[in-house]
Amino acid sequence: MAMQMLPPDWPGNFWAHWAIFAVAVLVFVLLMVIVFIWFERRAMAVMQARLGPNRAGPFGLLQSVADALKILIKEDIIPARSDKLVHWLAPVVAFVPALLIFAVIPFRGGAILADLNIGILYIVAISSVTTVGIFMAGWSSNNKYSTLGAMRQVASVVSYEIPVVLSLVGVILLAGSLSMQQIVAAQDIPFILLQPLGFLLFFTGALAEINRAPFDLTEADSELVAGYMTEYSGMKFGLFFLAEYAEALAISAIVTTIFLGGWRGPLLPDWLWFLVKVFIVFFVIVWIRTTVPRLRIDQLMALAWKFLFPLALLNLLITAIEILVWPAVSLWVFVPINIAIAIVLVVLWSRFFKLGWGKVEV
Amino acid sequence: MKFERYGIGIARGLSVTIRHLLRRPVTTQYPEQRLNVSRRTRGNELIWDEKKCTGCGTCAKACHIGAIHITTSTNLVDNKYKVEKYEVDTGYCIFCGLCVEACPFEALFLGYDYERAQYRRGDLVQTKEKMMETPEKKVSGYFYPRRAARLPRQSLLVDNDRGHR
Amino acid sequence: METTKEIVINTEPFVVNFGPAHPSTHGVFRMRMTLDGEVIVDMEPVFGYLHRGIEKLAEERTYTQVIPLTDRLDYLASMSNNLAYCLAVEKLAGIPVPERADYIRVIIAELQRIASHLCAVGFFLNDCGAFMTPVLYMLRERERILDLFDMVCGQRLTYNYMRVGGVSQDVPDEFIPAVAKFIGEMPGWLDEYERLLKENEILLARAKGVGILPKELAINIGASGPVLRASGVQWDVRKADPYSIYDRFEFDVPVGTAGDCYDRYRVRVEEMRQSLRILRQAIKDLPGGGEVRSEVPHLIRPPVGEAYGHLEGPRGELGFYLVSDGSIAPYRFHVRAPTFINLTALADMMRGWKIADAIIVFGSIDICMGEVDR
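Protein chains in written order, with the working numbering: chain W, 1 to 362; chain P, 363 to 527; chain H, 528 to 901.
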């Protein structure tokens, strides 16, 4: 059974394949997280008319390394009446699922660690475990405000799971399979053109799941203290920090694979296309963070339930109808139709949508 | 609260931010690049002209916190006071310039330099010897336009095109 | 603004201290909030952490020595403080001001208004959550103005430039061309800021209808400045009781309608445009030569009496009340700080909103703790 997972030209047995490539994927992820932190700081700085870090190493490349070293040598403070085991486990539970997602991302044609035929289902299942880690962190700190922040985080992630999964079903219908390799292989036209509404919904929901702007109220300073990360110091805090960027990297990789065509593209080698696309998606995430203000918690929930969820259902319905009346001509016919439908739906729905409560009578 | 404008406002904001990628940042990399300070800058020291000073003490009376200490004795030869001690506590001074304006003999100036940090608070007190004007210790043009005209021009942010479209 | 009924679950309000040192408000200001879940039931402001006894210190200094003290009251708009104090002393002692000095005062005061509003708007948008981008853009424009002030008087924050009877020294030759260059570019920058965030849906959702100050309440507590004008009251000291030479200039006073945070933000941006209009006229009409300080004795001894000199500062009506007993130092020196009086409405503005809104309401009033605590 295990032998069927190997590519046919691999000498040696299954466990060697697993060991080497697992280590390779881990190294890639951790390196890319360091590069992403540098890239975000420089890109955000230039968009704000200033320079980013440029003193530590050439172009400031060693700045993230310096920050990581600083975090490593800090004292590990544990609150006295906290739940010690849960407090210790929480960063691990929050960080590991972000790494696990990379097992099913195709880096180049044929290079994937585990070619599961239920790839997307695996991703959706694993990415929810991070929330458990965050709730463990908030609960075990024995701090009222950490618990508040953690509960908010759980509420927002649960709300945004549904539009995310529904928009993924549209892609699955078009590709005909849950496996990530098959989805990339089925993208003669990148699915961002065929499913513009699905892309917008998935992108917005994914931003909310990884707690980045404009949905970053659990880690912003308008909260009373720093939310669920308050009582953490040293490398445990470093793990939360890394987990945030690893999730951002994971979301960029998923968007690239599912909507932008993965490693496919003319001229350049396929691993280079993959990297370029991941960087472009991450740049858009940073761009949005630099520009847009933050939402309040009730506005965030209202956006998920009243705006994204009905649109996701409509998107699914329209995609299903389109598959039924599959034309004999190419799929390019659907591209302008879908873009027009997406614009009409967004404009129409915005007219009837109310963003959050107003003043509460006290 | 309706979701007005269908997302166009966010798109316009994004266009502003992305345009900044094409401009040069406005940051100056101190200490490799330095800007020219104003000709009338009120730098972090006081400069005293011993020949013109008569020891009248108007500057000490004009200082609103008493940062200037003057001790004089009689000097019957030149018919003016002999200034024994002229001390300014730069740690106390707020560099308002009232003493410079008050001096009737144009014997007191504000300095041009701003990099005058010391390691001990006692080193901030300027005694007579530290207050003389030297080619390195330039005099600022505050209140004295003739001195200001000899100093280099100030680098203004409205002049250079960094950060411009 | 419609209100919604709260769902009846048995909850208990608890008191939370938004302590003096916290990352998202301006200055050392403490708020004791009574929260019910996330909704604010009551709020009590506690301030006084920056009290330095300026009113008492002024009684031991001569009239000219008080001017550096007034710099440190509202440190983001120091020139307005200096000017208001000099107006009060000139009213008390009956000292005339030469015409060129009046024009220079108006130019400097309007430039200071633009600089202060840039800071206020930038930090308000930062409180709404737009990471630091608006702050950095606005501080870049503020740097241009601070360079101009540096050229005139040598400092960038505490100027000590105005004197009783005029200004301290004449402006250098390169000042007016630099101001003209600034006025030419500034409307373009203001347009860019509006494109960045004026119609942003998230900002509209966060700030529109939030923290409403009703018109009657605003007049009853004695609010002034953009806080009052955003609630719909047309009151600007420059038009109602013109001081200096403001009656020679043509400008509009922007007035809001709803009295919420969004209107206060819009009023400040529009005021910046009107200040540019005044600046254009002032530069054109500036008289060529002449002295900039009338002959005043070294130690001013006003006649016995009292005077109140006020002006329209960036934060509201800033007034100085002086009582003189004929000696070289004021007998009583009192500051009518606009922010201190605007603050009294905070509790009413915040009731019923959530914690995240409290920060936004607080940012929209534009507090400078230097003048609240004195």
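We treat Cβ as the ideally placed atom computed from N, Cα and C, and that holds for glycine. None of the values given here were measured: they were computed from a predicted structure.
Where do the N-terminal and C-terminal ends of the beta strand (DSSP E) with residue i fall, by residue?
i        : result
H/Tyr835 : Gly832 to Gly840
H/Val859 : One detail in the question is off: residue 859 of chain H reads as Arg in this sequence, not Val. First-last of the beta strand (DSSP E) with H/Arg859: Arg859 to Arg863.
H/Gly843 : Gly843 to Ser851
Would you mind giving the Cβ-Cβ distance between residue i and residue j, rounded to the nearest angstrom? I have them listed as a contact below 8 angstroms.
i        : j        : result
P/Tyr506 : P/Gly405 : That belief does not hold up - the Cβ atoms of P/Tyr506 and P/Gly405 are roughly 14 angstroms apart, past 8 angstroms.
H/Glu617 : H/Val691 : 6 angstroms
H/Val782 : H/Gly759 : 6 angstroms
W/Leu217 : H/Ala883 : 7 angstroms
Quick check: is the beta carbon of residue i nearer than 7 angstroms to any beta carbon in chain H?
i        : result
P/Met363 : Model confidence at P/Met363 stands at a pLDDT of 42, short of 50, so the residue's coordinates are unreliable; what they give is reported in the following sentence. Taking Cβ atoms only, chain H reaches closer than 7 angstroms to P/Met363, which makes this a yes.
P/His431 : no
W/Gln299 : yes
P/Cys458 : yes
P/Leu470 : no
P/Gln343 : Any question about residue 343 of chain P goes unanswered here, given that chain P covers just 363 to 527.
P/Val450 : no
W/Lys236 : no
P/Phe505 : yes
For a test of the three-state rule: what should DSSP assign to residue i, helix, strand or coil?
i        : result
H/Pro753 : helix
H/Pro572 : strand
W/Met180 : helix
H/Phe545 : strand
W/Phe282 : helix
P/Val439 : coil
W/Met44  : helix
P/Lys364 : Because the pLDDT of P/Lys364 is 49, which lies under 50, any placement of that residue in the model is unreliable, and the number read from its coordinates should be weighed accordingly. Three-state result, P/Lys364: strand.
W/Thr130 : helix
P/Gly420 : One detail in the question is off: residue 420 of chain P reads as Thr in this sequence, not Gly. P/Thr420: helix per DSSP, three-state reduction.
H/Gly693 : strand
P/Val528 : In the structure displayed, chain P extends from 363 to 527; residue 528 of chain P sits before or after that span and is not available.
H/Thr591 : coil
P/Arg401 : coil
W/Leu51  : coil
W/Gln4   : Note that W/Gln4 scores 49 on pLDDT, short of 50, meaning its location in the model is unreliable and no value can be drawn from it.
Taking only beta-carbon positions, decide if residue i is within less than 7 angstroms of chain P.
i        : result
W/Arg41  : no
H/Glu586 : no
W/Leu51  : yes
H/Phe709 : yes
W/Val46  : yes
Against chain W, with Cβ distances strictly below 7 angstroms, would residue i count as a contact?
i        : result
H/Ile729 : yes
H/Ala732 : yes
H/Glu883 : The displayed chain sequence assigns Ala, not Glu, to residue 883 of chain H. Yes, H/Ala883 counts as interfacial toward chain W.
H/Gly879 : yes
Looking at the unbroken alpha helix (DSSP H) that takes in residue i, where does it start and where does it end?
i        : result
P/Lys413 : P/Lys413 -> no alpha helix (DSSP H), and no H or E assigned at all.
W/Leu249 : Met235 to Phe259
P/Lys444 : First-last for P/Lys444: Lys444 to Asp451, but that is the beta strand (DSSP E), not the alpha helix (DSSP H).
H/Leu562 : First-last for H/Leu562: Arg557 to Asp563, but that is the beta strand (DSSP E), not the alpha helix (DSSP H).
W/Phe334 : Phe334 to Arg351
P/Phe471 : Taken as a continuous stretch (DSSP letters only), P/Phe471 belongs to no alpha helix (DSSP H), being part of the beta strand (DSSP E) at Leu470 to Leu472.
H/Thr660 : Thr660 to Cys680
H/Trp716 : Phe702 to Leu724
P/Gly390 : In the sequence under discussion, the amino acid at residue 390 of chain P is Thr, which differs from the Gly named in the question. It is not in any alpha helix (DSSP H) - P/Thr390 carries neither H nor E in the DSSP assignment.
H/Ala628 : Glu626 to Cys655
H/Ser891 : Ile882 to Ile892
W/Asn315 : Phe309 to Leu324
H/Ala790 : Looking at the sequence itself, residue 790 of chain H is Asp, so the reference to Ala does not match. Taken as a continuous stretch (DSSP letters only), the alpha helix (DSSP H) holding H/Asp790 covers Cys788 to Asp812.
H/Thr538 : H/Thr538 -> no alpha helix (DSSP H), and no H or E assigned at all.
P/Lys492 : Run containing P/Lys492: none; DSSP gives neither H nor E here.
H/Asp900 : Met896 to Asp900
W/Trp88  : Lys84 to Leu100
W/Val171 : Lys144 to Ala175
Q) Along the segment 649–683 of chain H, what residues have a CB closer than 8 angstroms to any CB found in chain W? A) Legend: CB atoms of the segment 649–683 of chain H lying less than 8 angstroms from CB atoms of chain W belong to residues Leu652, Asp654, Cys655, Gly656, Ala657, Phe658, Met659, Thr660, Leu663, Tyr664 and Arg667.
Q: With 8 angstroms as the limit, tell me which residues of the segment 371–390 of chain P have their beta carbon closer than that to any beta carbon of chain W; keep them in chain order.
A: So the list reads Ile372, Gly375, Leu376, Val378, Thr379, Ile380, His382, Leu383, Arg385, Pro387, Val388 and Thr389, given in the order they occur along the chain.
Q | Contact set between the segment 161–175 of chain W and chain H, restricted to residues whose Cβ is under 7 angstroms from the partner | A | Of all residues in the segment 161–175 of chain W, none places a beta-carbon less than 7 angstroms from a beta-carbon of chain H.
Q | Interface positions of the segment 16–38 of chain W facing chain P (Cβ-Cβ less than 8 angstroms), listed along the chain | A | Of all residues in the segment 16–38 of chain W, none has a Cβ within less than 8 angstroms of some Cβ in chain P.
(Q) Short of 8 angstroms Cβ to Cβ, which residues in the segment 280–306 of chain W face chain H? (A) So the close ones are Arg289, Thr290, Thr291, Val292, Pro293, Arg294, Leu295, Arg296, Ile297, Asp298 and Gln299.
Q. Along the segment 397–418 of chain P, what residues have a CB closer than 7 angstroms to any CB found in chain W?
A. Residues of the segment 397–418 of chain P whose Cβ lies closer than 7 angstroms to any Cβ of chain W: none.
**Q.** Interface positions of the segment 187–217 of chain W facing chain H (Cβ-Cβ less than 9 angstroms), listed along the chain
**A.** Of all residues in the segment 187–217 of chain W, only Ala213, Pro214, Asp216 and Leu217 come within less than 9 angstroms of chain H when Cβ atoms are compared, listed by chain position.
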